[in-house]
Amino acid sequence: MAAADFSLMVNKMVEDHSKELWELSRFLFENPELALEEVKAHDKLCEFLEQKGFTVQREYCLETAFRAEFDAPAGSDGPCVALLCEYDALPEIGHGCGHNLIAEASVGAALAVQEAMKTSKDIRGRLVVLGTPGEEGKGGKQLLIDQGALEGIDVAIMSHPSPADIVTPLFSASQALEVCFKGKPAHAAAYPWEGVNALDAAIASFVNIGLLRQQCKPSSWIQGVITEGGRYASIIPEKTDLQFCVRSDSNSELLSLRDRVEACFRGAAEATGCAVSIRREAFYMDVIQNGAIAASYRKHGHSLGKARHHLVGSGHVRGAANHTREFATLAGSEEAQPPTLRTAKVLALTVLDLLTNAELMRKARAEFDALQLQTDAQIETMTR
């Protein structure tokens, strides 16, 4: 049975559970938790899926990650497809990236796929809902991959809300850098020459990087903030902490850019006499797009209307961008529900395509393997 034959069932299941899904999303929205601190979200999602008949492993590899499974009654000897849930929030802004909607859409899709598995003898395989915490700057998915959380999963799929409808968006390679300069305190007015100014090193770093930007490609980005810069103007700052994020459209370009950015920090330390330490956070590789799966998603998206979350504000707030308070307001509003429910339906139909269409799964696998060979070769070059 093709996924299109499940469209009426999928539509009904998502609509029938729309009130529950909205309540789940609102709970996440009203209880925002930072990366790797999503205790309430973890417990709420696990409890919800347990009540729906999923076998749930709490604290799966990470304290706030989970794995919920449902095996097709016709047999689990088929593909294993995972729907990914994100649910962490941003400092101060809350759900300004709409991760409450990501969780809602994936859970809604899971309920529809589960029902199709129960009623069709044509579906063999396993459905997984994987809770992936720590996506705002903590490398949550990479941490899970490193612990083998995706072993045995053939395809992992999710959606992400944005102001635009994009089936295959560009996700650049990125890495965060934690930088600490250490100097020597002194009275800033009486004996400034006795001090070694760690704030000067931080400011020099920003100047160096500002100059570096004019030699960067348009596909590269560098952002940074000072998280600690001293507390009293009368004291030469002994210590400053910086957080930077470096992005580029390919892994190799990112490594080259990262090395140049780190040279800016070392140059600032040399010029001011400070000591510097640089800690590299998780390395996010650029995303490999899969044309076969994207075509399935696009097909079902077109049949249902919008192919992706599309948040459009009302009144003076229109087309709010991610990581803003305006986007957070929309993510917690009823206005976000119709596109989120459509997204759940499109995700469900795409998963059902993968579970029932062996040729689609074969094409998706072959495409992924070919691109993975290129990536592996690139990684080998990078790590020599």
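Per our numbering, the sequence shown runs over residues 320 to 703.
Cβ atoms here follow ideal geometry from the backbone N, Cα and C, with glycine treated the same way.
Subject >> Reduced DSSP secondary structure (H/G/I, E/B, other) of Phe584 >> reply: Position 265 of the sequence shown, counting from 1, holds the residue named residue 584. Of the three classes helix, strand and coil, the one that applies to Phe584 here is helix, per DSSP.
**OP:** Go to Leu611, then tell me how far its alpha helix (DSSP H) extends in each direction, as first and last residue.
**Re:** The residue labelled residue 611 in the question sits at position 292 within the sequence shown. Residue 611 is actually Ala in this sequence, not Leu. Per DSSP, the unbroken alpha helix (DSSP H) holding Ala611 starts and ends at Gly610 to Leu623.
Original post:
In this structure, what does DSSP give as the bridge partners for Lys359?
Top reply: Numbered from its first residue, the sequence shown carries residue 359 at position 40. DSSP, once it has assigned bridges, lists no residue as partnering Lys359.
Subject >> Cβ neighbour criterion (16 or more within 10 Å) applied to Gly394 >> reply: Taking the sequence shown and counting its residues from 1, one reaches residue 394 at position 75. So Gly394 counts as exposed.
**OP:** Express the C-alpha separation of Leu381 and Thr374 in angstroms, rounding to a whole number.
**Re:** In the sequence shown, residue 374 corresponds to position 55, counting from 1. In the sequence shown, residue 381 corresponds to position 62, counting from 1. Roughly 17 Å between the two C-alpha positions.
Original post:
Could you give the residue range of the beta strand (DSSP E) that holds Ile476?
Top reply: On the sequence shown, residue 476 is found 157 positions in, with the first residue counted as 1. It spans Val474 to Ile476 - the beta strand (DSSP E) in which Ile476 sits, taken as one unbroken run.
**OP:** Find the nearest neighbour of Gly444 within the set Glu366, Ala655 and Glu388, judged by alpha-carbon distance.
**Re:** Start at 1 with the first residue of the sequence shown, and residue 444 comes out as number 125. Of the candidates Glu366, Ala655 and Glu388, the residue whose Cα lies closest to the Cα of Gly444 is Glu388.
Subject >> Burial state of Leu660, where buried means 16 or more other Cβ atoms lie within 10 Å >> reply: Within the sequence shown, residue 660 is the residue found at index 341, counting from 1. Looking at its Cβ environment, which holds 16 or more other Cβ atoms inside 10 Å, Leu660 is buried.
Original post:
Taking just the CA atoms, how far does Ala468 sit from Val448?
Top reply: Counting from one through the sequence shown, the residue named residue 448 turns up at place 129. Counting from one through the sequence shown, the residue named residue 468 turns up at place 149. Approximately 12 Å between the Cα atoms of the pair.
Original post:
Are the Cβ atoms of Leu679 and Val432 separated by less than 8 Å?
Top reply: Translated into positions along the sequence shown, residue 679 becomes position 360. Translated into positions along the sequence shown, residue 432 becomes position 113. Their beta carbons are not under 8 Å apart, which means Leu679 does not touch Val432 by this criterion.
Original post:
Near His629, which residues of its chain fall below 6 Å by C-beta distance, leaving aside the five closest residues on each side in sequence?
Top reply: Mapped onto the sequence shown, residue 629 falls at position 310. Since pLDDT at His629 reaches only 40, below the 50 mark, its modelled position is unreliable, and no value is offered.
Original post:
How should His336 be labelled, buried or exposed, when 16 other C-beta atoms within 10 angstroms of its C-beta is the threshold for buried?
Top reply: The residue given as residue 336 occupies position 17 in the sequence shown. Its Cβ being crowded by 16 or more others within 10 Å, His336 is buried.
**OP:** Compute the beta-carbon to beta-carbon distance between Tyr603 and Ala492, rounded to the nearest angstrom, for a pair I have assumed lies under 8 Å.
**Re:** Here residue 603 refers to the residue found at position 284 when the sequence shown is read from its first residue. Here residue 492 refers to the residue found at position 173 when the sequence shown is read from its first residue. Yes, Tyr603 and Ala492 are in contact; Cβ-Cβ is about 6 Å, under 8 Å.
Subject >> Candidates Leu420, Ala521 and Gln542, of which the one nearest Val595 by Cα >> reply: As a first step, residue 595 must be located in the sequence shown, where it is residue number 276. Among Leu420, Ala521 and Gln542, the Cα nearest to that of Val595 is on Ala521.
Subject >> Secondary structure of Ala387, DSSP reduced to three states >> reply: Here residue 387 corresponds to residue number 68 of the sequence shown, with the count starting at 1. Note: Ala387 maps to strand in three-state DSSP.
Original post:
Going by DSSP, what residues sit across from His506 in a beta bridge?
Top reply: Residue numbering aside, residue 506 sits at position 187 when the sequence shown is read from its first letter. Beta-bridge pairing links His506 to Ile554.
**OP:** Return helix, strand or coil for Lys501, following the three-state DSSP convention.
**Re:** In the sequence shown, residue 501 corresponds to position 182, counting from 1. Here Lys501 sits in strand by DSSP.
Subject >> Proximity below 8 Å, CB of Ala424 to CB of Thr662 >> reply: Looking up residue 424 in the sequence shown gives position 105. Looking up residue 662 in the sequence shown gives position 343. Yes, the Cβ-Cβ distance between Ala424 and Thr662 is below 8 Å.
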